[in-house]
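Protein chains: 4
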Amino acid sequence: MDTADLLERSYPGRRAELKRDIFRKALRLFNEQGIEATTIEMIRAECDTSVGAIYHHFGNKEGLVAALFFTALEDQARLRDAYLADATTTEEGVQALVYSYVDWVENQPEWARFQYHARYAVTRGPHKDELVERNKTRNLGLRTWLAESGRAAELNECPAELLPSLIVGQADSYCRAWLSGRVQGSPKAYRELLAQATWRSIRREPER
Amino acid sequence: MDTADLLERSYPGRRAELKRDIFRKALRLFNEQGIEATTIEMIRAECDTSVGAIYHHFGNKEGLVAALFFTALEDQARLRDAYLADATTTEEGVQALVYSYVDWVENQPEWARFQYHARYAVTRGPHKDELVERNKTRNLGLRTWLAESGRAAELNECPAELLPSLIVGQADSYCRAWLSGRVQGSPKAYRELLAQATWRSIRREPER
Amino acid sequence: MDTADLLERSYPGRRAELKRDIFRKALRLFNEQGIEATTIEMIRAECDTSVGAIYHHFGNKEGLVAALFFTALEDQARLRDAYLADATTTEEGVQALVYSYVDWVENQPEWARFQYHARYAVTRGPHKDELVERNKTRNLGLRTWLAESGRAAELNECPAELLPSLIVGQADSYCRAWLSGRVQGSPKAYRELLAQATWRSIRREPER
Amino acid sequence: MDTADLLERSYPGRRAELKRDIFRKALRLFNEQGIEATTIEMIRAECDTSVGAIYHHFGNKEGLVAALFFTALEDQARLRDAYLADATTTEEGVQALVYSYVDWVENQPEWARFQYHARYAVTRGPHKDELVERNKTRNLGLRTWLAESGRAAELNECPAELLPSLIVGQADSYCRAWLSGRVQGSPKAYRELLAQATWRSIRREPER
DNA sequence: AATGAATGAGCCTTCATTCAT
DNA sequence: GATGAATGAAGGCTCATTCAT
Numbered sequence: 001m002d003t004a005d006l007l008e009r010s011y012p013g014r015r016a017e018l019k020r021d022i023f024r025k026a027l028r029l030f031n032e033q034g035i036e037a038t039t040i041e042m043i044r045a046e047c048d049t050s051v052g053a054i055y056h057h058f059g060n061k062e063g064l065v066a067a068l069f070f071t072a073l074e075d076q077a078r079l080r081d082a083y084l085a086d087a088t089t090t091e092e093g094v095q096a097l098v099y100s101y102v103d104w105v106e107n108q109p110e111w112a113r114f115q116y117h118a119r120y121a122v123t124r125g126p127h128k129d130e131l132v133e134r135n136k137t138r139n140l141g142l143r144t145w146l147a148e149s150g151r152a153a154e155l156n157e158c159p160a161e162l163l164p165s166l167i168v169g170q171a172d173s174y175c176r177a178w179l180s181g182r183v184q185g186s187p188k189a190y191r192e193l194l195a196q197a198t199w200r201s202i203r204r205e206p207e208r
Numbered sequence: 001m002d003t004a005d006l007l008e009r010s011y012p013g014r015r016a017e018l019k020r021d022i023f024r025k026a027l028r029l030f031n032e033q034g035i036e037a038t039t040i041e042m043i044r045a046e047c048d049t050s051v052g053a054i055y056h057h058f059g060n061k062e063g064l065v066a067a068l069f070f071t072a073l074e075d076q077a078r079l080r081d082a083y084l085a086d087a088t089t090t091e092e093g094v095q096a097l098v099y100s101y102v103d104w105v106e107n108q109p110e111w112a113r114f115q116y117h118a119r120y121a122v123t124r125g126p127h128k129d130e131l132v133e134r135n136k137t138r139n140l141g142l143r144t145w146l147a148e149s150g151r152a153a154e155l156n157e158c159p160a161e162l163l164p165s166l167i168v169g170q171a172d173s174y175c176r177a178w179l180s181g182r183v184q185g186s187p188k189a190y191r192e193l194l195a196q197a198t199w200r201s202i203r204r205e206p207e208r
Numbered sequence: 001m002d003t004a005d006l007l008e009r010s011y012p013g014r015r016a017e018l019k020r021d022i023f024r025k026a027l028r029l030f031n032e033q034g035i036e037a038t039t040i041e042m043i044r045a046e047c048d049t050s051v052g053a054i055y056h057h058f059g060n061k062e063g064l065v066a067a068l069f070f071t072a073l074e075d076q077a078r079l080r081d082a083y084l085a086d087a088t089t090t091e092e093g094v095q096a097l098v099y100s101y102v103d104w105v106e107n108q109p110e111w112a113r114f115q116y117h118a119r120y121a122v123t124r125g126p127h128k129d130e131l132v133e134r135n136k137t138r139n140l141g142l143r144t145w146l147a148e149s150g151r152a153a154e155l156n157e158c159p160a161e162l163l164p165s166l167i168v169g170q171a172d173s174y175c176r177a178w179l180s181g182r183v184q185g186s187p188k189a190y191r192e193l194l195a196q197a198t199w200r201s202i203r204r205e206p207e208r
Numbered sequence: 001m002d003t004a005d006l007l008e009r010s011y012p013g014r015r016a017e018l019k020r021d022i023f024r025k026a027l028r029l030f031n032e033q034g035i036e037a038t039t040i041e042m043i044r045a046e047c048d049t050s051v052g053a054i055y056h057h058f059g060n061k062e063g064l065v066a067a068l069f070f071t072a073l074e075d076q077a078r079l080r081d082a083y084l085a086d087a088t089t090t091e092e093g094v095q096a097l098v099y100s101y102v103d104w105v106e107n108q109p110e111w112a113r114f115q116y117h118a119r120y121a122v123t124r125g126p127h128k129d130e131l132v133e134r135n136k137t138r139n140l141g142l143r144t145w146l147a148e149s150g151r152a153a154e155l156n157e158c159p160a161e162l163l164p165s166l167i168v169g170q171a172d173s174y175c176r177a178w179l180s181g182r183v184q185g186s187p188k189a190y191r192e193l194l195a196q197a198t199w200r201s202i203r204r205e206p207e208r
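Chains as they are written, first to last, in full-length UniProt numbering: chain A, 1 to 208; chain B, 1 to 208; chain C, 1 to 208; chain D, 1 to 208.
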């Protein structure tokens with residue numbers, strides 16, 4: 001599954017063709033040049049359209065960035081929820097979170113890269129409220145799963161606010177390194193190692 | 001130890017007073033407004049100096065960002081190496097890495113926050129070569145420690161490129177969350193939990 | 001024929017009205033204040049437009065200077081080729097070159113003055129290659145005429161690279177003096193004297 | 001005779017060493033980079049001195065340009081007057097003017113090149129009155145020679161304001177072409193051809 | 001005489017956005 | 001819906017010049 005599929009999934013139909021084209025090209029430019037360094041004119045040139053058309057579809061530059069960002073977040077959550085649905089035990093659930101994270105980044109490296117850089121801009125921009133709103137809805141499934149009875153018994157005691165970092169921190173760290181080219185090995189190739197390490201670090205250890 | 005101390009350490013002497021003042025104020029503005037959104041004029045006004053003086057000392061905006069960034073990296077490495085020097089066992093070494101990371105972020109939250117955002121800019125800007133160069137020298141101590149005989153025997157087998165993410169990923173993730181205000185608990189308060197989790201995830205487990 | 005005509009000839013049509021206006025006003029300012037001393041803001045104020053419009057049409061200041069310069073060169077060549085077309089003998093050809101040079105400078109003193117000062121800037125700027133290119137095409141007619149059979153027999157032997165200076169040097173020198181106000185007499189009033197002097201200096205003299 | 005000699009001649013003595021060094025290096029920079037594009041800082045770096053020292057010796061940038069310009073003009077006039085002193089006939093005088101012009105440009109190409117570009121700046125700057133003043137004194141010898149009885153009888157009738165261009169126009173034109181690299185042949189190699197052409201163009205022709 | 005940090009007016013240029021066609 | 005010329009606020013940066021040391 002590649003970028004085109006992701007877009008077709010998010011914005012289906014023939015009418016939205018130009019919109020999807022702008023999305024695709026803007027995503028590439030934002031990653032290659034940086035969000036601030038990418039001008040509307042560059043996007044216009046790449047898409048062979050007019051600045052007016054871009055403003056017609058996305059309102060303004062921040063609107064385009066936010067739209068891309070939300071698309072990325074929601075696609076990532078979609079995969080996570082799909083993996084989580086198949087997990088029965090707590091260990092399988094943790095594995096699902098690590099696998100889905102790693103797999104999504106490797107399948108959608110452009111969207112992943114963009115998401116890392118765009119979060120800062122969107123968090124401060126006029127769409128920050130919409131972001132908070134969407135975060136809530138999007139993470140409902142995850143919170144439900146975490147809250148299921150019996151979880152606490154299988155995990156080492158630890159503050160709730162620490163848990164997300166313990167679960168996804170190592171995978172996240174490696175994915176960032178891979179996206180920035182500091183390491184070569186594909187995240188997917190290490191997903192078992194990452195999931196096992198994570199599980200060892202948070203499971204409740206048997207009493208001696 | 002606060003920001004002023006860090007600066008006095010990096011740029012000692014009376015002559016460098018203005019330079020240190022620009023540093024301090026620019027750091028704050030970059031964090032508050034964002035690097036791109038902070039203008040030279042804002043810094044000038046804050047320091048009650050002239051644009052010429054800023055350019056005289058740092059060449060240009062990118063030079064100022066790079067100087068701040070290198071200062072942060074080197075101060076962070078200084079603490080890491082100090083902690084590492086006291087570690088004897090491998091477990092203590094891993095603990096030193098986690099503790100120094102967490103402690104530095106909490107002691108220098110402004111520098112830490114800046115460093116996260118500035119890396120992207122410096123990596124792409126005209127100081128990228130200097131960054132690579134400095135990275136090499138700065139991390140010599142760490143690489144030496146990691147290469148010491150006996151390490152492999154105490155750690156679970158894993159690719160070398162994966163190890164840094166396993167060691168520092170969880171702490172890094174939590175520090176980012178704390179700096180951005182998504183969590184409240186101080187990183188230092190969790191440093192034992194983080195170090196233990198890390199160690200459990202990478203130590204070589206006894207054969208059953 | 002004045003500056004307005006020259007421009008209407010070079011950039012015809014109603015759409016180009018603003019472009020022509022910028023041209024006209026910029027030419028005057030460049031001559032009055034000097035090219036370097038003329039700021040985009042001065043041109044903007046004079047044309048009652050926006051800086052953006054100037055950049056939209058000419059790219060940047062160097063682009064505007066180059067556009068003016070090429071317009072001058074091409075208009076001058078147009079007149080030269082027209083005069084040359086009517087010449088049959090070699091003497092008439094030389095006369096055509098001197099007359100057209102002198103007449104053009106007097107008819108278009110602003111363009112002539114500008115051309116003298118802009119050559120230096122364009123030769124060193126980013127349009128230098130375009131200049132070389134255009135020089136070739138523009139001087140095709142002249143080179144053809146000079147190469148016609150029989151020329152050598154009517155002229156004193158002299159190196160080819162010296163000939164242009166012999167033909168146009170005196171007229172050029174006087175035109176510069178006139179444009180800078182060092183002399184009063186109109187170049188056109190002296191065009192016969194200049195052409196005769198030139199012809200005497202290069203014609204093949206009868207054997208004694 | 002080269003640039004160093006010219007300077008030793010104009011500013012003799014040991015104390016003036018730094019002054020001469022600034023002169024030499026500034027001349028080169030002005031020619032290589034252009035007068036406006038050369039900054040005081042560039043000159044300072046080249047001379048390994050301080051900006052203060054430059055201002056101490058020349059007042060300001062315009063003062064430095066003017067000092068260089070006057071040095072060039074006066075050296076050129078010195079050679080011209082020396083050549084003229086040896087001429088007895090009118091033809092020899094014209095020859096002396098052409099030869100001295102050509103020889104000086106070839107002996108002092110840097111000063112010649114500079115003089116062409118600096119005239120414009122000095123003519124408009126605060127030293128313009130000094131220029132007019134100096135022109136008068138400097139050209140006394142030339143005007144005396146031109147006014148000597150009998151000249152008119154040997155020259156074709158022509159307006160006085162036209163004569164300088166007739167005499168020096170061709171040589172000047174070729175020298176400019178040579179300095180700008182448009183032609184290769186050394187001016188000196190063509191000095192006889194140039195002087196002869198000039199003489200044929202202005203001498204009084206025998207009645208038929 | 002020499003130094004060089006400091007000044008600050010002013011320059012060129014960019015670019016998100018608008019709006020008449 | 002589409003176009004792209006026009007807008008103009010604002011930014012980074014330069015550089016001649018000054019002056020305290």
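Every residue, glycine too, gets a C-beta built ideally from N, C-alpha and C.
Worksheet item: How about Pro159(A): is its C-beta nearer than 8 Å to some C-beta of chain B?
Response: So yes, Pro159(A) belongs to the interface.
Worksheet item: Of all the options Ile22(C), Phe23(C), Lys188(C) and Thr198(C), which has the alpha carbon lying nearest to the alpha carbon of Asn107(C)?
Response: Ranking the options by Cα distance to Asn107(C), first place goes to Lys188(C).
Worksheet item: Based on Cα-Cα distance, which residue from His127(B), Ala96(B) and Asn139(B) lies nearest to Ala66(B)?
Response: Nearest of His127(B), Ala96(B) and Asn139(B) to Ala66(B), Cα basis: His127(B).
Practice prompt. List the residues of chain C that His117(D) touches, going by C-beta distances under 9 Å, in chain order.
Written response: Against chain C, a Cβ distance below 9 Å from His117(D) picks out Tyr120.
Practice prompt. Taking Thr90(D) as part of the alpha helix (DSSP H), name the residues at either end of that continuous run.
Written response: Thr90 to Asn107 is the span of the alpha helix (DSSP H), which, as asked, contains Thr90(D).
Discussion item. Less than 7 Å between C-beta atoms, sequence neighbours within five positions excluded: which residues of the same chain meet that for Phe70(C)?
Written reply: These residues qualify, in order along the chain: Arg134.
Worksheet item: With 8 Å set as the bound, which would you pick, yes or no: does the beta-carbon of Gln170(C) sit closer than that to a beta-carbon of chain D?
Response: Interface residue, yes.
Practice prompt. May I ask which residues mark the beginning and end of the alpha helix (DSSP H) holding Arg54(C)?
Written response: First, the amino acid is wrong: residue 54(C) is Ile here, not Arg. Counting along the chain, the unbroken alpha helix (DSSP H) around Ile54(C) starts and ends at Val51 to Phe58.
Fill in: Chain-ordered neighbours of Gln184(D) on chain C, where CB pairs are closer than 9 Å
Correct list: Glu161.
Worksheet item: When the cut-off is 8 Å and only beta carbons count, does Ile40(B) lie next to chain A?
Response: Chain A contact via Cβ: absent.
Discussion item. Can you give me the C-alpha to C-alpha distance between Arg204(A) and Glu17(B), rounded to a whole angstrom?
Written reply: The alpha-carbon atoms of Arg204(A) and Glu17(B) are separated by roughly 54 Å.
Worksheet entry | Closer than 8 Å at the beta carbon, the chain D residues around Gly34(C) | Here the neighbours are Tyr120 and Arg124.
Worksheet item: Curious, which full-length alpha helix (DSSP H) runs of at least 4 residues does the segment 109-165 of chain A contain?
Response: Listed in chain order, the complete alpha helix (DSSP H) runs (minimum 4 residues) inside the segment 109-165 of chain A are 109-124, 128-138, 140-147 and 151-154.
Fill in: Integer-rounded CB distance, given that Leu97(B) should sit under 8 Å from Arg80(B)
With a Cβ gap of about 7 Å, Arg80(B) and Leu97(B) count as contacting.
Discussion item. Taking the beta carbon of Gln170(A) as the centre, do at least 16 other beta carbons fall within 10 Å, making it buried, or is it exposed?
Written reply: By the 10 Å Cβ count, Gln170(A) comes out buried.
Worksheet entry | Within chain B, partners of Ile202(A) - CB distance below 9 Å | Within chain B, the residues near Ile202(A) are Ala197, Arg200 and Ser201.
Item to complete: Output the distance between the C-alpha atoms of Tyr190(D) and Asn139(C), rounded to the nearest integer angstrom.
Response: Their Cα atoms are separated by approximately 25 Å.
Discussion item. Which residues does DSSP list as the beta-bridge partners of Arg203(D)?
Written reply: Answer is Leu155(D).
Discussion item. Using only CA atoms, which one of Trp111(D), Val168(D) and Ala152(D) lies nearest to Gln196(D)?
Written reply: Ranking Trp111(D), Val168(D) and Ala152(D) by Cα distance to Gln196(D) puts Val168(D) first.
Worksheet item: Under a CB-based cut-off of 8 Å, is Ser173(A) close to chain B?
Response: Interface residue, yes.
Worksheet item: Among Thr89(C), Ala121(C) and Pro109(C), which residue has its Cα nearest to the Cα of Glu148(C)?
Response: Among Thr89(C), Ala121(C) and Pro109(C), the Cα nearest to that of Glu148(C) is on Thr89(C).
Practice prompt. Determine, using beta carbons only, whether Ala87(C) and Gly93(C) come nearer to each other than 8 Å.
Written response: Going by C-beta atoms, Ala87(C) is nearer than 8 Å to Gly93(C).
Worksheet entry | Through-space distance from Glu110(B) to Ser180(B), alpha-carbon basis | Between Ser180(B) and Glu110(B), the C-alpha separation is close to 11 Å.
Practice prompt. Run down chain C in chain order and give the residues with a C-beta less than 9 Å from the C-beta of Ala26(D).
Written response: Simply none; closest approach about 18 Å.
Worksheet item: Between Leu64(A) and Ala26(A), is the Cβ-Cβ spacing less than 8 Å?
Response: In this structure, Ala26(A) lies closer than 8 Å to Leu64(A) by Cβ.
Discussion item. Does the CB of Ala177(D) have a neighbour CB from chain C at under 8 Å?
Written reply: Yes, because at least one Cβ of chain C sits closer than 8 Å to the Cβ of Ala177(D).
Worksheet entry | Beta-carbon separation (whole angstroms), His117(B) vs Ile40(B), contact threshold 8 Å | So it is not a contact: roughly 18 Å between Cβ atoms.
Worksheet item: Are there 16 or more other CB atoms within 10 angstroms of the CB of Lys136(D), so buried, or fewer, so exposed?
Response: Exposed is the call here.
Practice prompt. In angstroms with no decimal places, state the Cα-to-Cα distance between Thr54(A) and Ala45(A).
Written response: Note that residue 54(A) is Ile in the sequence shown here, rather than Thr. Rounded to the nearest angstrom, the two C-alpha atoms are 11 Å apart.
Worksheet item: Along chain A, which residues have their Cβ under 7 Å away from the Cβ of Met193(B)?
Response: This sequence places Leu at residue 193(B); Met is not what is there. The contacting residues are Cys158 and Leu162.
Item to complete: Could you tell me how far apart the beta carbons of Arg200(D) and Ser201(C) are, in whole angstroms, since I believe they sit closer than 8 Å?
Response: With 8 Å as the limit, Arg200(D) and Ser201(C) qualify as a contact, their Cβ atoms being about 5 Å apart.
Worksheet item: Can you name the residues of chain C whose CB is closer than 8 Å to the CB of Leu64(D)?
Response: Going along chain C, no residue has its Cβ under 8 Å from Leu64(D), so there is no contact; the nearest lies around 17 Å.
Fill in: Test item: CB-CB of Cys175(A) and Val105(A) under 8 Å
Result yes, Cβ atoms of Cys175(A) and Val105(A) sit closer than 8 Å.
Practice prompt. Could you list the residues in the UniProt DNA-binding region "H-T-H motif" (39-58) of chain B with a C-beta less than 7 Å from some C-beta on chain A, going in chain order?
Written response: Along the UniProt DNA-binding region "H-T-H motif" (39-58) of chain B, there is no position whose C-beta sits under 7 Å from a C-beta of chain A.
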